[in-house]
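A.B. asks: Pasting a structure here, questions to come.
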Amino acid sequence: MLGEYKSAYFIESKLKGKILKFEPFGKNRHKLDFSFRDKDGLEWFAEVKSPSWRNEVVQEVEWQSLENLNKKIEPFQVIKLDTYQSSIPCPKCQRAISFTVINRSLDRSIVNETIKNVRCNHCKKTIWQLSENDRIKQIRNRLNQPKFLRGEGRTISIENAIKDSVKNSIDKFLPDRNNLLIITPNMFADTVGFSSLFNGKQTRKIVNDIDNTAVISRVLILEVELRDKFQYRSNSVSIKK
């Protein structure tokens, strides 16, 4: 709830808006975070998403796990047009498990989803399930350490965090309203700076690629820093043409 309260405070104290209601209904009776009236008298419906560095750690561990699995795949053999067959060793019993991929050449994600669901008949579980304990251990070990570690690199992009926020909010908004997606990140990188690039062009492209119904009117990226007092950094990007 912290992201929602920070956002509501920012709307009223910094943007001179007025909160009308918390948890108003959106599409299919989904509850949004709040509605407000802006300084020009327009009513808005807001959904707040708060991607965090902890989520980044989880995504990075999962990404690395998929990379390691891909390295263990035997060379693909063509069965027929756009259909390929290969095998991968079971993480537990090391038996070779055969699997088939369709349209492998078109999208790496197809291969990833396929190998995640490859099932070892001997162990009675999928490869992803059998490697779960290792991922949990890695995630737990990293989350028990400070947010920033010297020399640690990043593999998950801010772009993915914005994509996830859009995907997880568009089904809540009703059309023909002023709909605001607020992203209040606590991430490794500078999200506000990213959203400002090219006058918001990259953020706008991310939203338009996902939001086919153009239900999101505007994206507000809001970061709050506590120094001597709270400092707000924000960037607002208009989405609708």
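Numbering-wise, my numbering puts 1220 at position 153 of the sequence shown, and it's gapless, one number per residue.
Yeah, the Cβ is synthetic: ideal placement off N, Cα and C, and Gly gets one too.
Bear in mind that the values here come from a model prediction, so they are computed numbers and not experimental data.
Tell me the DSSP bridge mates of W1111?
C.D. replies: As a first step, residue 1111 is located in the sequence shown; it is residue number 44 there, counting from the start. W1111 is bridged to F1103, N1245.
A.B. asks: What's the C-alpha gap between S1074 and I1250?
C.D. replies: On the sequence shown, position 7 is the one that residue 1074 refers to. On the sequence shown, position 183 is the one that residue 1250 refers to. In a straight line, the C-alpha of S1074 is about 9 angstroms away from that of I1250.
A.B. asks: What does T1193 pair with, by DSSP beta-bridge criteria?
C.D. replies: As a first step, residue 1193 must be located in the sequence shown, where it is residue number 126. Answer by DSSP bridge pairing, in chain order: R1186.
A.B. asks: Keeping to the same chain, check which residues put their C-beta closer than 6 angstroms to that of W1195; ignore five residues upstream and five downstream.
C.D. replies: Against the sequence shown, residue 1195 aligns to sequence position 128. So the qualifying residues of the chain are K1183.
A.B. asks: Of the choices K1230, V1282, L1210, whose alpha-carbon is the least far from that of N1245?
C.D. replies: If you number the sequence shown from 1, residue 1245 lands on position 178. Closest by alpha carbon: V1282.
A.B. asks: Based on the DSSP output, what are the partners of L1287 in its beta bridges?
C.D. replies: Sequence index remark: in the sequence shown, residue 1287 carries index 220 (1-based). Looking at the DSSP assignment, L1287 forms a beta bridge with I1249, S1303.
A.B. asks: Could you check if A1228 is buried or exposed, using at least 16 other CB atoms within 10 Å of its CB as the buried criterion?
C.D. replies: Position 161 of the sequence shown holds residue 1228. When all chains shown are included, A1228 counts as buried.
A.B. asks: Going by Cα to Cα distance, which pick from V1125, V1286, D1201 is closest to K1230?
C.D. replies: Mapped onto the sequence shown, residue 1230 falls at position 163. If we check each option's Cα against that of K1230, V1286 comes out closest.
A.B. asks: What's the C-alpha gap between F1313 and L1136?
C.D. replies: Because the chain is modelled from 1068 through 1308, residue 1313 falls outside the range shown and cannot be assessed.
A.B. asks: Tell me, which residues are paired with S1153 by DSSP?
C.D. replies: Mapped onto the sequence shown, residue 1153 falls at position 86. Per DSSP, F1166.
A.B. asks: Let's see if you can read the secondary structure: which residues bound the beta strand (DSSP E) around Q1144?
C.D. replies: Looking up residue 1144 in the sequence shown gives position 77. Here the beta strand (DSSP E) through Q1144 covers 1144-1147.
A.B. asks: Determine the closest residue to E1199 out of G1108, R1096, D1107, S1132, with distance taken between C-alpha atoms.
C.D. replies: What you label residue 1199 is simply residue 132 of the sequence shown in a count that begins at 1. For the residues G1108, R1096, D1107, S1132, the minimum Cα distance to E1199 belongs to S1132.
A.B. asks: For I1086, write down the residues that DSSP places opposite it in a beta bridge.
C.D. replies: For the purposes of this step, residue 1086 is taken as the residue at position 19 of the sequence shown. Beta-bridge pairing links I1086 to F1103.
A.B. asks: CA-CA distance, Y1299 and Y1076?
C.D. replies: To locate residue 1299, count along the sequence shown from 1; it is residue 232. To locate residue 1076, count along the sequence shown from 1; it is residue 9. Distance between the alpha carbons of Y1299 and Y1076 is about 11 angstroms.
A.B. asks: Please work out which residues of its chain come closer than 7 angstroms, Cβ to Cβ, to V1128, disregarding the five sequence neighbours upstream and downstream, and give them in chain order.
C.D. replies: Stepping through the sequence shown from its first residue, residue 1128 is reached at position 61. Answer for V1128: R1202, Q1205, I1206, listed in chain order.
A.B. asks: Is the number of C-beta pairs between the stretch 1149-1162 and the stretch 1101-1119 that are closer than 8 angstroms three or more?
C.D. replies: Not touching, per the Cβ criterion.
A.B. asks: Buried or exposed for L1289, going by 16 or more other Cβ atoms inside 10 Å?
C.D. replies: Along the sequence shown, one-based indexing puts residue 1289 at 222. L1289 should be labelled buried.
A.B. asks: Tell me which residue opens and which closes the alpha helix (DSSP H) that N1227 is part of.
C.D. replies: Position 160 of the sequence shown, counting from 1, holds the residue named residue 1227. Segment 1225-1234, the alpha helix (DSSP H) holding N1227.
A.B. asks: With G1093 as the anchor, note down where its alpha helix (DSSP H) starts and where it stops.
C.D. replies: For the purposes of this step, residue 1093 is identified with residue 26 of the sequence shown, where counting begins at 1. Here G1093 belongs to no alpha helix (DSSP H), and DSSP marks it neither H nor E.
A.B. asks: Which class does Q1298 belong to by DSSP, given the choice of helix, strand or coil?
C.D. replies: Mapped onto the sequence shown, residue 1298 falls at position 231. Strand.
A.B. asks: Run the CB neighbour count on P1252, radius 10 Å, all protein chains shown included, and call it buried at 16 or more, exposed below.
C.D. replies: Here residue 1252 is taken as the residue at index 185 of the sequence shown, counted from 1. Buried.
A.B. asks: For K1081, count neighbouring C-beta atoms within 10 Å of its own C-beta (all shown protein chains included) and say buried if the count is 16 or more, exposed if not.
C.D. replies: If you number the sequence shown from 1, residue 1081 lands on position 14. Looking at its Cβ environment, which holds fewer than 16 other Cβ atoms inside 10 Å, K1081 is exposed.
A.B. asks: Grab me the residues of I1277's own chain with a C-beta within less than 8 angstroms of its C-beta, minus the 5 sequence neighbours each way, in chain order.
C.D. replies: Residue mapping note: residue 1277 aligns to position 210 of the sequence shown, counting from 1. The residues are K1230, V1233, K1234, I1237.
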